[in-house]
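Residue numbers in the sequence shown follow this note's numbering, run continuously in steps of one, and reach 616 at the last position.
Just so it is clear, CB atoms sit at the ideal spot from N, CA and C, and this is done for glycine as well.
Bear in mind the structure is a predicted one, so any value in this text is a computation, not a measurement.
Here the structure comes first, spelled out in structure tokens, and everything after it is commentary.
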Amino acid sequence: MSADPSLRKVVIVGGGTAGWMAAAPLAQRFERAGAGRCEVVLIESPDIGTVGVGEATLPPIRAYNRTLGLDGADFVKRTQGSFKLGIEFKNWGRVGHRFFHGFGDFGPAIENRAPWQHWLRLSAVVDGLPSYEDWSTATVMAHQHRFTPPVEGPPSAANAYSFAYHFDAGLYAAYLREYATARGVQRLEGLIVDVELRPEDGFVQAVKLADGRRIEGDLFIDCSGFRALLIGGAMQSPFEDWSALLPCNSALAVPSERLGPSSPLTPFTTSTAHAAGWQWRIPLQHRTGNGHVYCSHFISDDEAAATLLAGLDSPALDTPRQLRFTTGRRKAGWVKNVVAIGLAGGFLEPLESTSIQLIMDGVGRLLQLWPDRQFKPHLAAEFNRLMARQYESTRDFIALHYKLTERRDSELWRYCAAMPIPDNLAHQIELFRESGRVAIFDPDSFAEPSWVSLFLGLGVRPASLDPAIDQIPPEALLQHFVRLRQAIHQTVAAVPDHGDYISRHVRAA
Ligand code: FAD
Numbered sequence: 108m109s110a111d112p113s114l115r116k117v118v119i120v121g122g123g124t125a126g127w128m129a130a131a132p133l134a135q136r137f138e139r140a141g142a143g144r145c146e147v148v149l150i151e152s153p154d155i156g157t158v159g160v161g162e163a164t165l166p167p168i169r170a171y172n173r174t175l176g177l178d179g180a181d182f183v184k185r186t187q188g189s190f191k192l193g194i195e196f197k198n199w200g201r202v203g204h205r206f207f208h209g210f211g212d213f214g215p216a217i218e219n220r221a222p223w224q225h226w227l228r229l230s231a232v233v234d235g236l237p238s239y240e241d242w243s244t245a246t247v248m249a250h251q252h253r254f255t256p257p258v259e260g261p262p263s264a265a266n267a268y269s270f271a272y273h274f275d276a277g278l279y280a281a282y283l284r285e286y287a288t289a290r291g292v293q294r295l296e297g298l299i300v301d302v303e304l305r306p307e308d309g310f311v312q313a314v315k316l317a318d319g320r321r322i323e324g325d326l327f328i329d330c331s332g333f334r335a336l337l338i339g340g341a342m343q344s345p346f347e348d349w350s351a352l353l354p355c356n357s358a359l360a361v362p363s364e365r366l367g368p369s370s371p372l373t374p375f376t377t378s379t380a381h382a383a384g385w386q387w388r389i390p391l392q393h394r395t396g397n398g399h400v401y402c403s404h405f406i407s408d409d410e411a412a413a414t415l416l417a418g419l420d421s422p423a424l425d426t427p428r429q430l431r432f433t434t435g436r437r438k439a440g441w442v443k444n445v446v447a448i449g450l451a452g453g454f455l456e457p458l459e460s461t462s463i464q465l466i467m468d469g470v471g472r473l474l475q476l477w478p479d480r481q482f483k484p485h486l487a488a489e490f491n492r493l494m495a496r497q498y499e500s501t502r503d504f505i506a507l508h509y510k511l512t513e514r515r516d517s518e519l520w521r522y523c524a525a526m527p528i529p530d531n532l533a534h535q536i537e538l539f540r541e542s543g544r545v546a547i548f549d550p551d552s553f554a555e556p557s558w559v560s561l562f563l564g565l566g567v568r569p570a571s572l573d574p575a576i577d578q579i580p581p582e583a584l585l586q587h588f589v590r591l592r593q594a595i596h597q598t599v600a601a602v603p604d605h606g607d608y609i610s611r612h613v614r615a616a
């Protein structure tokens with residue numbers, strides 16, 4: 108071994124969203140390093156292809172793009188993207204019921220307490236108080252199909268929200284591929300058929316391609332999707348199966364026509380609960396993405412396809428494509444010199460658009476804990492600790508949707524009502540039910556406003572509240588809320604229609 112222990116070559120296995128989302132920041136880092144820099148190679152197989160779904164995101168995607176120096180308007184244009192203020196949930200609490208999980212909070216704190224707590228107190232004494240959603244700028248803006256980015260400045264109705272994107276997954280991967288290859292990432296096409304381990308320590312030494320090529324590396328990033336070629340295959344990291352808690356195991360995806368120009372381009376994802384799962388609707392500029400996520404124990408594939416097609420609001424552009432999955436994660440995503448990112452590391456169903464977030468956080472942590480050729484074991488241990496915490500907390504947040512629903516009208520919903528839940532989640536639910544407080548187990552996962560959106564949206568009302576909020580007289584509080592609501596509605600009234608915003612700021616850019 109030479110005196111310099113730095114990594115000389117990184118091999119990324121797979122060129123789906125995860126592979127290219129890992130390649131782009133590595134390209135940026137090593138481009139700056141100049142001569143003698145670490146070489147990055149990405150191997151993908153057109154014979155296998157990518158999963159081809161994954162079109163809704165969470166707000167931190169903006170920071171990821173910004174760090175790469177991508178221009179926001181160019182990104183939305185190139186990926187046929189649209190803006191996302193949150194998710195509308197239909198038929199989740201009960202059939203015919205809806206609520207919105209918006210990005211952002213419920214306005215500025217009042218006397219150091221979150222406004223939703225004051226709203227709860229007021230709603231017990233004021234008849235006909237508007238829904239708490241009327242104090243969420245994101246929700247009011249989304250319902251009016253308007254969009255503009257939050258303004259800079261002190262907290263106000265004009266910046267008490269955040270946003271993410273919807274995009275075409277194939278176009279996004281191509282966009283990042285162009286970025287990464289322009290900065291020196293070498294792209295190889297080929298089918299990996301064998302993995303060669305170092306006899307002395309079991310580290311991966313090389314992967315072998317069907318055409319006989321042998322690609323050596325110091326670090327291997329496994330982005331091979333559900334196949335988990337290196338982390339599951341060569342490293343044998345066990346898979347922790349979470350399907351007892353998240354029983355959906357199948358999806359059918361189909362694009363449909365973009366609604367006509369007179370129909371609004373909704374700035375949000377829609378999730379509609381069905382008897383054996385739920386259906387997503389993701390609006391893009393050139394088409395609408397749709398899919399039915401379901402549990403095959405409770406419905407046949409044919410019935411699931413019929414449900415999906417019956418739920419479209421525009422003609423399908425193709426026949427539905429089937430995907431199977433098992434919810435869960437690799438017990439260790441980093442083993443020896445293999446780090447799994449994306450579906451190779453785990454999968455949580457797409458109810459809250461969390462997979463791309465987990466990819467970004469995985470890549471970010473790998474960069475922070477970047478090893479050298481000695482691969483000090485605590486680097487892997489720390490990566491695995493942080494990823495485990497985030498996966499578990501995200502899993503519990505998704506499971507909350509299934510657990511809190513009042514629906515009992517089908518086998519799936521009856522199963523969810525009876526299913527045991529992890530202790531952390533049970534504590535979170537009971538804490539909110541008892542006293543309107545929110546326990547956060549992972550600061551890198553969903554924050555308090557998201558948990559509150561779910562609790563309130565699914566009909567949980569705490570038995571008691573923080574006693575400190577009793578200090579403000581209800582009349583003064585009501586006046587405050589009336590003014591705040593006015594400010595939100597006035598702000599939103601001045602915001603352009605989402606489709607017009609895209610025409611002016613994205614297509615024209
Ligand atoms: P893949 O896309 O499967 O890529 C695997 C790569 O590995 C391919 O390039 C393939 O060629 C390569 N490969 C595999 N084996 C070999 C081999 N032997 N030799 C060479 N190359 C090989 N995420 C979100 O954030 N938001 C969403 O709205 C969302 N919706 C989803 C809906 C569904 C139904 C599903 C299943 C997932 C969804 N996801 C979503 C998850 C998201 O699609 C994935 O996290 C993301 O696409 C990353 O996939 P990947 O790159 O890990 O795997």
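Candidates the options: closest to residue i by CA position
i: GLU323; options: LEU295, GLY200 and ALA335; result: LEU295
i: MET483; options: ARG228, LEU353, VAL442 and LEU511; result: Strictly speaking, residue 483 in this sequence is Lys, with Met absent from that position. It is VAL442.
i: PRO371; options: PRO362, ILE389 and CYS523; result: ILE389
i: ALA417; options: ALA447, TRP385, PHE432 and VAL446; result: TRP385
i: LEU415; options: VAL589, ALA382 and CYS145; result: ALA382
i: ALA163; options: ALA360, PRO457 and ALA221; result: PRO457
i: GLY440; options: LEU465, SER557 and THR433; result: LEU465
i: ASP329; options: HIS587, VAL589 and VAL120; result: VAL120
i: GLY235; options: GLN593, SER560, LEU585 and LEU430; result: LEU585
i: THR244; options: ALA616, ALA600, TYR608 and GLY606; result: ALA600
i: GLY156; options: ALA276, HIS225 and VAL470; result: ALA276
i: GLY543; options: ASP551, PRO529, SER560 and SER552; result: SER560
i: SER421; options: HIS393, VAL202 and SER152; result: HIS393
i: PHE562; options: SER369, VAL545 and ASP573; result: VAL545
i: ILE536; options: ALA575, ALA570, ASP551 and ASN397; result: ALA570
i: VAL300; options: LYS315, GLY291, VAL311 and GLU146; result: LYS315
i: THR395; options: ALA360, ALA380 and TYR401; result: ALA360
i: TRP349; options: ASN219, ILE528 and MET128; result: ILE528
i: PHE274; options: VAL247, SER500 and PHE190; result: PHE190
i: PRO215; options: ILE609, SER557 and TRP242; result: TRP242
Distance CB(residue i)-CB(residue j) smaller than 8 Å
i: ILE579; j: LEU353; result: no
i: ARG253; j: PRO581; result: no
i: THR48; j: LEU455; result: Because residue 48 is not part of the residues shown, which for the chain are 108 to 616, the question remains open.
i: ALA221; j: ILE338; result: no
i: ASP549; j: ARG496; result: yes
i: TYR498; j: GLY453; result: yes
i: GLU303; j: ALA289; result: no
i: GLY188; j: LEU391; result: yes
i: LEU227; j: GLY209; result: no
i: ASN444; j: PHE327; result: yes
i: GLY260; j: ILE150; result: no
i: ALA134; j: TYR286; result: yes
i: GLU541; j: ILE547; result: no
heavy atom of the ligand FAD below 7 Å from residue i C-beta
i: LEU450; result: yes
i: ARG284; result: no
i: SER436; result: The residue asked about is misnamed: residue 436 is Arg in this sequence, not Ser. Result no, Cβ not under 7 Å from the ligand FAD.
i: LEU334; result: Per the sequence shown, the amino acid found at residue 334 is Arg instead of Leu. True, at least one ligand heavy atom lies under 7 Å from that Cβ.
i: PRO222; result: no
i: THR461; result: yes
i: SER152; result: yes
i: THR164; result: yes
i: SER560; result: no
i: PHE432; result: yes
i: ALA276; result: yes
i: VAL158; result: yes
i: CYS330; result: yes
i: THR124; result: yes
i: ALA358; result: yes
i: LEU473; result: no
i: GLY161; result: yes
i: ILE194; result: no
i: ILE536; result: no
Proximity test, residue i beta-carbon vs the ligand SAH heavy atom, cut-off 7 Å
i: VAL117; result: Ligands present in the displayed structure are limited to the ligand FAD, and the ligand SAH is not among them.
Task: Contact the segment 407-414 vs the segment 371-378: 3+ CB pairs below 8 Å - done: no
Open item on the list: Using 8 Å as the cut-off, can you tell me whether the segment 486-495 makes contact with the segment 195-205, which would need three or more C-beta pairs spanning the two stretches below that distance?
Closed with: No, the segment 486-495 is not in contact with the segment 195-205.
TODO: May I ask you to verify whether the segment 344-352 touches the segment 163-178, counting CB pairs closer than 8 Å and requiring at least 3?
DONE: The answer is no - the segment 163-178 does not touch the segment 344-352, with fewer than three Cβ pairs under 8 Å.
TODO: Could you tell me whether the segment 510-517 touches the segment 141-151, where touching means 3 or more Cβ pairs closer than 8 Å?
DONE: Touching, no, given that fewer than three Cβ pairs across the two stretches are closer than 8 Å.
Task: Sufficient close CB pairs (3 or more, under 8 Å) joining the segment 512-522 to the segment 357-370 - done: Output reads no: the segment 357-370 does not touch the segment 512-522.
Open item on the list: Three Cβ pairs or more, each shorter than 8 Å: is that satisfied between the segment 280-295 and the segment 259-267?
Closed with: Between the segment 280-295 and the segment 259-267 there are fewer than three C-beta pairs closer than 8 Å, too few to call the two in contact.
TODO: Flag this pair as touching only if the segment 523-533 and the segment 586-593 have three or more C-beta atom pairs under 8 Å; answer yes or no.
DONE: no
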